[in-house]
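K.L.:
If you're matching positions, the sequence shown starts at 621 in our numbering and goes up one per residue. Before I ask anything, let me first share the structure, which is written out below as structure tokens.
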Amino acid sequence: MTPKPTERELDLLKILWERERATVREIYETLHARDTQLAYTTVLSLLQTMERKGLVGHEAEGKAYTYFAAVQRERTFRELAGSFLEQVFGGAMDEYLVRAMESRQPTARELDQLEAMIADYKQRRRSRKKDTPS
């Protein structure tokens, strides 16, 4: 299991998932455009720490290093969500969803997506039960 990224590390990973590859300067400039004021050397230090943790990798391109995410976005989000669900709600998904919806009113589109995901999950569960020998 890959180490959990910190909040700042997650900010950098999101940039790398969007761009696929970026130099320290490009990441620094993207953060500043998003009103995240970190020094260039802080961004570099974060990337070096993230590389030691296995979250990112780099390749030399001329005089600069180009960094890339070494972890998948979906897997990272799934692991973070699962960890949060266990730590905060003791695994109670229903309570987690209720609190999430109370904290921010979901849009009609988001509710439709949730309903479709639940229906899809139920269908896959039924299919697995049929395929499992009794």
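Here a beta-carbon is modelled for each residue, glycine too, at the ideal position from N, C-alpha and C. Note that the structure is a prediction, hence the values are computed from the model and not measured.
Since I believe threonine 643 is in contact with alanine 684 (beta carbons under 8 Å), could you give me their beta-carbon distance rounded to a whole number of angstroms?
P.N.:
Here residue 684 corresponds to residue number 64 of the sequence shown, with the count starting at 1. Here residue 643 corresponds to residue number 23 of the sequence shown, with the count starting at 1. With a Cβ gap of about 5 Å, alanine 684 and threonine 643 count as contacting.
K.L.:
Would you mind stating whether threonine 626 and valine 691 have Cβ atoms separated by less than 8 Å?
P.N.:
Numbered from 1 along the sequence shown, position 6 holds the residue referred to as residue 626. Numbered from 1 along the sequence shown, position 71 holds the residue referred to as residue 691. Contact flag unset, no.
K.L.:
Could you check the C-alpha separation between tyrosine 687 and arginine 746 for me, to the nearest Å?
P.N.:
Locating residue 687 in the sequence shown gives position 67, where the first residue counts as 1. Locating residue 746 in the sequence shown gives position 126, where the first residue counts as 1. Answer to the nearest angstrom: the Cα atoms are 43 Å apart.
K.L.:
I'd like the span of the beta strand (DSSP E) that includes valine 691, first residue to last.
P.N.:
In the sequence shown, the residue the question calls residue 691 occupies position 71. It is not in any beta strand (DSSP E) - valine 691 carries neither H nor E in the DSSP assignment.
K.L.:
Check this for me: beta carbons of leucine 667 and leucine 632, under 8 Å apart or not?
P.N.:
Your numbering for residue 667 matches position 47 in the sequence shown. Your numbering for residue 632 matches position 12 in the sequence shown. In this structure, leucine 632 lies closer than 8 Å to leucine 667 by Cβ.
K.L.:
Enumerate in chain order the residues of its own chain whose CB-to-CB distance from threonine 650 is below 6 Å, with the five nearest sequence positions on each side excluded.
P.N.:
Walking along the sequence shown from the start, residue 650 turns up at place 30. Ile635.
K.L.:
Work out the CA separation of tyrosine 660 and glutamate 638 for me, nearest whole Å.
P.N.:
Numbered from its first residue, the sequence shown carries residue 638 at position 18. Numbered from its first residue, the sequence shown carries residue 660 at position 40. Going by the C-alpha atoms only, they are around 20 Å apart.
K.L.:
Roughly how many angstroms separate the alpha carbons of proline 726 and glutamate 681, rounded to a whole number?
P.N.:
For the purposes of this step, residue 726 is taken as the residue at position 106 of the sequence shown. For the purposes of this step, residue 681 is taken as the residue at position 61 of the sequence shown. Each residue's Cα considered, the two are about 44 Å apart.
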